[in-house]
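Enquirer: From first to last, the protein sequence lines stand for chains A and B. Residue 376 in my numbering sits at position 390 of the first sequence, with consecutive numbering throughout. Position in the second sequence (first residue = 1) + 17 = my numbering. Here a beta-carbon is modelled for each residue, glycine too, at the ideal position from N, C-alpha and C. Remember, it's a predicted structure, so these values are computed and weren't measured experimentally. Have a look at this one before I ask anything.
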Amino acid sequence: MGERLLHDLVTASAQRDAGAVAVVDGDRSITYGELDERSSRLSALLAAAGVRRGDRLGVLAEKSIESLVAIYGAMKAGAAYVPLDPSAPPARTGFIAGDCGIRVLASPAGLARTWAPLVEAGAPLEHLVALDAGDGTGLSEAVPAGATLHTGDELRAHPARVAVRTIDDDLAYILYTSGSTGAPKGVMVSHRNAMAFAAWAADEFDVRGTDRVAQLAPLIFDLSTFDLFSSACAGASVHLVGRKAAMFPAQLRSFVDYHEITVVYAVPSLLTLLVERGKLTPGSLPSLRLVLFAGEVFPTRHLAALMRLVPGAEYANLYGPTETNVCTFHRVTRVPADDDPPASIGVAIAGDEAIVVDDDGRVVTPGEPGELYVRGATVMQGYWGDPERSARTLVAPPGVSGPREPAYRTGDLVREEPDGTLTFLGRRDNQIKRQGYRIELGDIEATILQHPDVVECAVSAVPDDEAGARLVAHLATKNDLDGKAVRRFCTDRIPRYMVPDSFELLDALPKTATAKIDRARLAKQAATAGDSHT
Amino acid sequence: MTIGEMTAADHIRRFVVEELDYVGEPEELTGDLELLEEGVLDSLRIMALVEYLEAAFDIVIDEDDVVAERFETIDAIAGLVTAKQAA
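The structure is reproduced here in structure tokens:
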């Protein structure tokens, strides 16, 4: 496989077998030949709309055939795609669109009512591409003033064109993740970065054209890059699992059985739900040959239960923040005991290097804990529009001489074991994982503190077996502001997964001897308090 | 209001508002509001709701009944409860 650009994977798969199924979306499907053709037409349409190499195309959509056409069409037009969460508040999505200058947005007609609020929230939209809208009838009112609507009919009339010439250092996508200051930050990933992971995974896990890969993660999540691009490497079919179906374990079990899914890549909380509520019996899901998980620690007893119930599959723990995509991995080859420590994060993937560094920036001796720095082909290009933050996290690699490609400081604490594998120990800071989503507690606090009647605020994370973490906001307020109003304030500004589960009102937050908010004490209180105070 | 005067839908609505962190205005929580589309329910809230329904209505809800079409709206959930009570 000699391709260096993600969209060339689709073209190559189409040339090998144009009739092979590329994407299954409910009762619709599209072949690699059609996906290649339609994305090429879209790139021509985008070029006509003024999209140039280096631009960004927003994709505000639930996963669908059209979303994938938009992703590949963007890249063929030389642009990076920026997936946007249709369930996130317009204020946050508008901020992201403004931050990276999204002038062209692909979004289905069903989400037309969200377009105008986005513009009000700062999105500089000039073109809207609604591929599911035939001729755009009934949509004219929804199109913000000054923006042009492009429809499915227009796409069909556009002849395909060859992809705009790009190189593998050009950006393929930007994924926004929780920042610590109340504003999300855009992780810039080049084709080379993405391809290093996709090709490695396709090779390591022997993904083939006969594989049927369930696409579970939202497109805003880097797990989706395996589903899309490792599948495209091999010409495997991608089976889209809608947001709703992923909420219901029994439905997910039926989905895997019905489509004879061979590969799943999921966050542990979803697999835990499947184990606990999916009515699996030993020998269930016989089509599955590979189960990959990442995004958070998989509680060992749930992993063990899954491995016993679905014994025919291979299992691997993939590790890495969005900034590095997957950078280490570990194959779980035997069923662990329920009280074993969580699965190792293993060793660096081909092309990456893991360096464990102490607080003074020196490489530790094996066995000593330290912060994990990662260097190599999968490491991001930096944060969009934030060279300062990029320079803080992409640093000269300690202990490496010669050409010095930067290393990314993960903020994760790890230890190298005698056998050379890495053990994840925890975080250096206030970042947590919840249902696989990465959340900076400071991001939530900064949002709550924008409320004029909030005097003080701290957010604690209480470990939770099923959700990963439960969030408790501790508040001191004035003017009789109650928890319910603060909750509503949050849901208008941050995604649901970041909104605290409970809001605890205090006269004042406890302080340490140095007059800082006593977070340790609040976290302890929250952990022992049990039931929520809403 | 006594328990007897409340319909299954009323109980479900009360539970969603009081226990599942519903953030909208209660009167917007109509019987046909799309709970999954609008993000009122997610996987963990669905589990909490199932446990509540089983306890409050003394019914058993099989995992195979916990599917999207049964939980789309308050009316759909109330229909599931009625069907289980009749079973």
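Measuring CA to CA, which of R178/A, K265/A, G469/A is closest to R(-10)/A?
Expert: For the purposes of this step, residue -10/A is taken as the residue at position 4 of the first sequence. It is R178/A whose Cα lies nearest to the Cα of R(-10)/A.
Enquirer: From the DSSP output, read off the bridge partner residues of Q201/A.
Expert: Walking along the first sequence from the start, residue 201/A turns up at place 215. Bridge partners of Q201/A: L226/A.
Enquirer: Name, going along the chain, the residues of the segment 54 to 75 of chain A whose beta-carbon falls closer than 7 Å to a beta-carbon of chain B.
Expert: Cβ contacts with chain B: S73.
Enquirer: Taking a contact to mean a Cβ-Cβ separation below 9 Å, would you say A141/A touches L28/A in this structure?
Expert: Locating residue 141/A in the first sequence gives position 155, where the first residue counts as 1. Locating residue 28/A in the first sequence gives position 42, where the first residue counts as 1. Note on identity: in this sequence residue 141/A is Leu, with Ala being the wrong assignment. Closer than 9 Å, so yes.
Enquirer: Apply the 10 Å Cβ neighbour rule to A494/A and answer buried if 16 or more other Cβ atoms are within range, or exposed otherwise.
Expert: The residue you call residue 494/A lines up with position 508 of the first sequence. With fewer than 16 Cβ atoms within 10 Å of its Cβ, A494/A is classed as exposed.
Enquirer: According to the Cβ coordinates, are E262/A and R420/A closer than 9 Å?
Expert: For the purposes of this step, residue 262/A is taken as the residue at position 276 of the first sequence. For the purposes of this step, residue 420/A is taken as the residue at position 434 of the first sequence. Against a cut-off of 9 Å, the Cβ pair of R420/A and E262/A comes out as no contact.
Enquirer: Are the C-beta of A73/B and some C-beta of chain A separated by less than 9 Å?
Expert: The sequence position of residue 73/B within the second sequence is 56, counting from 1. Chain A contact via Cβ: absent.
Enquirer: Would you identify the three-state DSSP class for V318/A, choosing helix, strand or coil?
Expert: Counting from one through the first sequence, the residue named residue 318/A turns up at place 332. In the structure shown, V318/A sits in a strand (DSSP, three-state: E or B).
Enquirer: Counting C-beta neighbours from all protein chains within 10 Å, is the total for Y527/A 16 or more, i.e. buried, or is it exposed?
Expert: Nothing about residue 527/A can be reported from this structure: the residues present for chain A run from -13 to 520 only.
Enquirer: From M484/A to I425/A, what does the alpha carbon distance come to, in whole angstroms?
Expert: Stepping through the first sequence from its first residue, residue 484/A is reached at position 498. Stepping through the first sequence from its first residue, residue 425/A is reached at position 439. Taking the straight line joining both Cα atoms gives about 7 Å.
Enquirer: Give the residues of chain A in contact with G96/B, contact being defined as C-beta atoms less than 8 Å apart.
Expert: For the purposes of this step, residue 96/B is taken as residue 79 along the second sequence, with counting starting at 1. What G96/B touches in chain A: nothing, since even the nearest Cβ is about 17 Å away.
Enquirer: Would you list, in sequence order, the uninterrupted beta strand (DSSP E) runs of no fewer than 3 residues that lie entirely inside the segment 386 to 414 of chain A?
Expert: 393 to 402, 408 to 413, all fully within the segment 386 to 414 of chain A.
Enquirer: With 9 Å set as the bound, which would you pick, yes or no: does the beta-carbon of I63/B sit closer than that to a beta-carbon of chain A?
Expert: Within the second sequence, residue 63/B is the residue found at index 46, counting from 1. Yes - at least one Cβ of chain A is within 9 Å of the one on I63/B.
Enquirer: Could you please tell me which residues of the segment 78 to 96 of chain B, in chain order, have their CB closer than 7 Å to any CB of chain A?
Expert: Listed in sequence order: E80, D81, V83, V84, A85.
Enquirer: Using a C-beta to C-beta distance shorter than 8 Å, which residues of chain B count as neighbours of P204/A?
Expert: In the first sequence, the residue the question calls residue 204/A occupies position 218. Under the 8 Å cutoff, chain B gives no residues; its nearest Cβ is about 12 Å from P204/A.
Enquirer: Since R99/A and A128/A should fall inside the 8 Å C-beta cutoff, what is the C-beta to C-beta distance between them, to a whole number of angstroms?
Expert: As a working mapping, residue 99/A is identified with position 113 in the first sequence. As a working mapping, residue 128/A is identified with position 142 in the first sequence. Rounded, the Cβ-Cβ distance is 6 Å, consistent with contact.
Enquirer: Ignore the nearest five residues each way along the sequence and tell me which others in R473/A's own chain have a CB closer than 7 Å to its CB.
Expert: Position 487 of the first sequence holds residue 473/A. Closer than 7 Å at Cβ, skipping near neighbours: V485, F489.
Enquirer: Can you say whether K171/A is buried or exposed, counting buried as having 16 or more other CB atoms within 10 angstroms of its CB?
Expert: Locating residue 171/A in the first sequence gives position 185, where the first residue counts as 1. By the 10 Å Cβ count, K171/A comes out buried.
Enquirer: Which runs of the alpha helix (DSSP H), 4 residues or longer, sit entirely within the segment 417 to 442 of chain A?
Expert: If we require 4 residues or more, the alpha helix (DSSP H) runs fully inside the segment 417 to 442 of chain A come out as 427 to 434.
Enquirer: Would you tell me roughly how many angstroms separate the C-alpha atoms of H519/A and C443/A, rounded to the nearest one?
Expert: As a position in the first sequence, residue 519/A is number 533, starting the count at 1. As a position in the first sequence, residue 443/A is number 457, starting the count at 1. In this prediction, H519/A has a pLDDT of 41, which is less than 50 and means its spatial position is unreliable; nothing more can be read from the coordinates.
Enquirer: Can you tell me the Cα-Cα spacing of E68/B and G406/A, whole angstroms?
Expert: In the second sequence, the residue the question calls residue 68/B occupies position 51. In the first sequence, the residue the question calls residue 406/A occupies position 420. Their backbone Cα atoms lie some 45 Å apart in a straight line.
Enquirer: Since R395/A contacts E354/A with CB under 8 Å, what's their CB separation in whole angstroms?
Expert: Sequence index remark: in the first sequence, residue 395/A carries index 409 (1-based). Sequence index remark: in the first sequence, residue 354/A carries index 368 (1-based). Actually they are not in contact, since the Cβ atoms of R395/A and E354/A sit about 17 Å apart, beyond 8 Å.
Enquirer: Helix, strand or coil: which one does DSSP assign to R62/B?
Expert: Against the second sequence, residue 62/B aligns to sequence position 45. Looking at R62/B - three-state DSSP - the assignment turns out to be helix.
Enquirer: So, is the C-beta of G48/B closer than 9 Å to a C-beta in chain A?
Expert: Taking the second sequence and counting its residues from 1, one reaches residue 48/B at position 31. Chain A contact via Cβ: absent.
Enquirer: Please determine, among P373/A, D439/A, Y359/A, T(-3)/A, the residue with the shortest C-alpha to C-alpha distance to V148/A.
Expert: What you label residue 148/A is simply residue 162 of the first sequence in a count that begins at 1. Checked all of P373/A, D439/A, Y359/A, T(-3)/A; the closest Cα to V148/A is T(-3)/A.
Enquirer: Could you give the residue range of the beta strand (DSSP E) that holds R78/A?
Expert: To locate residue 78/A, count along the first sequence from 1; it is residue 92. Unbroken run through R78/A is the alpha helix (DSSP H), 76 to 85; no beta strand (DSSP E).
Enquirer: Could you tell me which chain B residues have their CB closer than 9 Å to the CB of A455/A, listed as they occur along the chain?
Expert: Here the question's residue 455/A lines up with position 469 in the first sequence. Result: empty, since nearest Cβ-Cβ is about 11 Å, beyond 9 Å.
Enquirer: Where DSSP assigns a beta bridge to Y251/A, which residues make up the other side?
Expert: Working through the first sequence from its first residue, we reach residue 251/A at position 265. The partner list for Y251/A (beta bridge, DSSP) reads L278/A.
Enquirer: Excluding the five sequence neighbours on either side, which residues of its own chain have a C-beta within less than 6 Å of the C-beta of F237/A, listed in chain order?
Expert: Residue mapping note: residue 237/A aligns to position 251 of the first sequence, counting from 1. The sequence given here places Gln at residue 237/A; Phe does not occur at that position. Excluding positions up to five away in sequence, the list reads A231.
Enquirer: With which residues is F489/A paired in a DSSP beta bridge?
Expert: As a working mapping, residue 489/A is identified with position 503 in the first sequence. The partner list for F489/A (beta bridge, DSSP) reads A459/A.
Enquirer: Consider the Cβ of V33/B: report whether some Cβ of chain A lies at a distance smaller than 9 Å.
Expert: Here residue 33/B is taken as the residue at index 16 of the second sequence, counted from 1. Cβ-Cβ to chain A under 9 Å: no for V33/B.
Enquirer: Using 9 Å as the limit for Cβ to Cβ distance, is E44/B near chain A?
Expert: Numbered from 1 along the second sequence, position 27 holds the residue referred to as residue 44/B. False, the Cβ-Cβ gap to chain A never drops below 9 Å.
Enquirer: DSSP three-state label for L111/A, please.
Expert: On the first sequence, residue 111/A is found 125 positions in, with the first residue counted as 1. Residue state, collapsed to three classes: coil.
Enquirer: For a contact meaning CB atoms closer than 9 Å, what does L53/B contact in chain A?
Expert: Numbered from its first residue, the second sequence carries residue 53/B at position 36. Correct list: R229, K230, M233.
Enquirer: Tell me whether N465/A is buried or exposed, calling it buried when 16 or more other Cβ atoms sit within 10 Å of its Cβ.
Expert: In the first sequence, the residue the question calls residue 465/A occupies position 479. So N465/A counts as exposed.
Enquirer: Report yes or no: is there a C-beta of chain A within less than 9 Å of the C-beta of K101/B?
Expert: Residue numbering aside, residue 101/B sits at position 84 when the second sequence is read from its first letter. False, the Cβ-Cβ gap to chain A never drops below 9 Å.
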